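**Student:** This is the structure I have questions about; it appears just below.
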Amino acid sequence: MADTDALTAATESTPAPTPERRRSPVVFVGILIVVTLLLFGVPWWTLLGPQNEWPLAVVITGTVLVVAAAIGLPTAMLTGHARHSDGAARVGDTLLGVVWVLFVWSILGNVLGLVLLAAGVDDPGRSRIVAVATIVVSAALLIWGNYEAMRVPRVRELDVTIDRLGAGLDGTRVVLIADTHYGPIDRAPWSRKVAAVINDLDADVIAHAGDIADGTPYQREEQAAPLGTLEAKLAKVYVTGNHEYFNEAQGWLDRMTDLGWNSLHNRHVVVERGGDRLVVAGVDDVTAKGSGLPGHRTDLPKALDGADQNLPVLLLAHQPKFVKHAAEAGIDLMVSGHTHGGQMWPFNFLVRLDQPVVRGLSRHGATTQLYTSGGTGFWGPPFRVFAPSEITVLTLRR
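Using the numbering used here, you'd call the opening residue of the sequence shown number -13 and step up by one each time.
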């Protein structure tokens, strides 16, 4: 591991979040209108445009529904998330997921239309084929995507080789969860089932890599309660994600401590197995400093302060982008979440613009490996499309 000066340099080179410049209301409203017109306009044109030559009653009814949804989406999202109304948030989140799928598959449907045009299929038959195909595929994906979002995640197991791992630690099982996002949809039964699955995994260490909930500890008390029933032989550790900084981050750190977890607020613990030791460290999310909460910032040197530099280190950091600094500091294995694996294809390509990895195991620098969880829960739209959730078992190997 690098020395303390190198660690300090690594962390201090992380750009500190700065308050965003306030956009004028006119600019904000303008952007909102353009985005809304695109999201709803493309599906409207594909499904109801004049090229389809649908009966007038169909066009009028469909247009009324599209306009109502276009007005309802920003209204419900604002009421739900800014004014903390769970009912409105459920409506807004669902509408967002539905229109995203319709938007994406309307575009792909028009590609099908070009193929049909090249094959000599004329309108309105060609456009009606595209419209029906778009509706059928979108409906199927939304039904399947909702099932994938609401189901208990599959368990994904893989071995991770760490050069500096002591023989006694060979075979250590680290169970990783992330992005549970307890929120407007009451998933307390789901949370209990997830806890039951984890307790069957014979974990040495259980790690929660942040974004525990959308809401305060009080609002999500019942959904988070099963986390207190999880059992690990060596440690249960947790770090904040960016969503904690929307809703009482310190409260969540305190709540997890009350539930029997080690809240790694820029600190570490040392676990021992078979006579060998492993440093398990955690840092606040990279958005922490920008939140203005006293004492909250991403501070890797503080997290490793006092740790034996000869010991291997497992680091929890919510966002994969922090791996650059973990690699500079000589961290052996970093685990993250945040990306949800993209959650709703093809959003994974947009995530990749902000993060170095969307999901899975990757190597960075000479000695650092990163595992990015695809997420255990979901944010917002209750859908997962080509981005399954996961509970991950990382078995550490020499």
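All C-beta atoms in this analysis are idealised placements derived from N, C-alpha and C, irrespective of residue type, glycine included. Keep in mind that this is a model prediction, so the values were computed, not measured.
#1: By a C-beta neighbour count over all protein chains shown, 10 Å radius and 16 as the cutoff for buried, is GLU134 buried or exposed?
#2: Is ASP79 helix, strand or coil by DSSP?
#3: Around the Cβ of LYS288, are there at least 16 other Cβ atoms within 10 angstroms (buried) or fewer (exposed)?
#4: Which first and last residues belong to the alpha helix (DSSP H) in which GLU376 is found?
#5: Assuming ASN228 and HIS304 form a contact by the criterion Cβ under 8 Å, report the distance between their Cβ atoms to the nearest whole angstrom.
#6: Only counting the same chain, and skipping five residues up and downstream in sequence, which positions put a Cβ closer than 8 Å to that of GLY83?
#7: Taking C-beta to C-beta, are LEU162 and SER359 nearer than 9 Å?
#8: Over the uninterrupted alpha helix (DSSP H) stretch that includes GLN236, give me the two end residues.
#9: Are the stretch 255 to 273 and the stretch 105 to 113 touching by the rule of at least three beta carbon pairs closer than 8 Å?
#10: Alpha helix (DSSP H) containing ILE401: first to last residue?
#11: Going straight from the alpha carbon of TRP86 to that of SER92, what length do you get?
#12: Going by DSSP, what residue range makes up the beta strand (DSSP E) through HIS350?
#13: Taking only three categories from DSSP, how would you classify LYS219?
#14: Mind checking ALA274: buried by the 16 CB within 10 Å criterion, or exposed?
#15: Using the Cβ count rule (16 or more neighbours within 10 Å means buried), how would you classify ASN248?
#16: In chain order, what residues of the same chain lie with their CB nearer than 7 Å to the CB of GLY214, ignoring the 5 residues before and after it?
#17: For LEU34, which residues in the same chain have their Cβ closer than 7 Å to its Cβ, ignoring the five residues on either side in sequence?
#18: Let me make sure I understand the geometry here. Which of ALA55, PRO170, HIS194, LEU18 has the alpha-carbon closest to that of ALA181?
#19: If you measure between the beta carbons of THR353 and ASP318, is that distance less than 9 Å?
#20: By DSSP, does ARG7 sit in helix, in strand, or in coil?
#21: Using only alpha-carbon positions, find the residue among LEU216, VAL90, GLY363, SER113 that is nearest to ASP190.
#22: In whole angstroms, give me the CA-to-CA distance for ARG253 and LEU297.
#23: Rounded to whole angstroms, what's the CA-CA distance from GLY157 to THR381? Just pull it up for me.
#24: Say yes only if the C-beta of LEU382 is nearer than 8 Å to one or more non-hydrogen atoms of the ligand FAD, and no if none qualify.
#25: Taking 8 Å as the cut-off, does the stretch 51 to 58 touch the stretch 23 to 30 (at least 3 CB pairs, one atom from each stretch)?
#26: Could you check if ALA74 is buried or exposed, using at least 16 other CB atoms within 10 Å of its CB as the buried criterion?
#27: Closest to PHE372 by C-alpha separation, out of PRO212, VAL344, LEU356, ILE57, would be which residue?
#28: Please return the same chain residues whose Cβ sits closer than 7 Å to the Cβ of VAL266, not counting the five positions on each side in sequence.
#29: How would you call ASP200, buried or exposed, if buried means at least 16 neighbouring beta carbons within 10 angstroms?
#30: In terms of alpha-carbon separation, which member of LEU42, ASP79, HIS70 lies closest to PRO60?
#31: If you draw a straight line from the C-alpha of ASN96 to the C-alpha of LEU339, how long is it?
#32: Quick one: is ALA104 buried, meaning 16 or more other Cβ sit within 10 Å of its Cβ, or exposed?
#33: For THR243, count neighbouring C-beta atoms within 10 Å of its own C-beta (all shown protein chains included) and say buried if the count is 16 or more, exposed if not.
#34: Tell me whether the beta-carbon of ALA164 lies closer than 9 Å to the beta-carbon of ASP186.
#35: Rounded to a whole number of angstroms, what is the C-alpha to C-alpha distance between PRO342 and GLY152?
**Tutor:** Here's the rundown:
#1: buried
#2: helix
#3: buried
#4: GLU376 -> not in any alpha helix (DSSP H); beta strand (DSSP E) instead, spanning 376 to 383.
#5: 7 Å
#6: LEU128, GLY131, MET330, GLY366, PRO367, PRO368, PHE369
#7: yes
#8: Its alpha helix (DSSP H) spans residues 235 to 244.
#9: no
#10: Within the shown structure, residues of the chain are numbered from -13 to 384, placing residue 401 beyond reach of any answer.
#11: 10 Å
#12: 346 to 350
#13: coil
#14: buried
#15: buried
#16: LEU245, GLY246
#17: TRP40, VAL45, GLY48, THR49
#18: For ALA181, the nearest C-alpha among the options comes from HIS194.
#19: Yes, the Cβ-Cβ distance between THR353 and ASP318 is below 9 Å.
#20: In this predicted model, ARG7 has a pLDDT of only 47, less than 50, meaning its place in the structure is not dependable enough to derive any value.
#21: LEU216
#22: 15 Å
#23: So the alpha carbons of these two residues sit roughly 6 Å apart.
#24: This structure lacks the ligand FAD, and indeed carries no ligand of any kind.
#25: yes
#26: Buried, by the Cβ-count rule.
#27: VAL344
#28: VAL191, ALA221, VAL223, HIS254, VAL255, VAL257, LEU300
#29: ASP200 is buried by the Cβ-count criterion.
#30: ASP79
#31: 26 Å
#32: By the 10 Å Cβ count, ALA104 comes out exposed.
#33: exposed
#34: With a cutoff of 9 Å on beta-carbon distance, ALA164 and ASP186 are scored as not near each other.
#35: 29 Å
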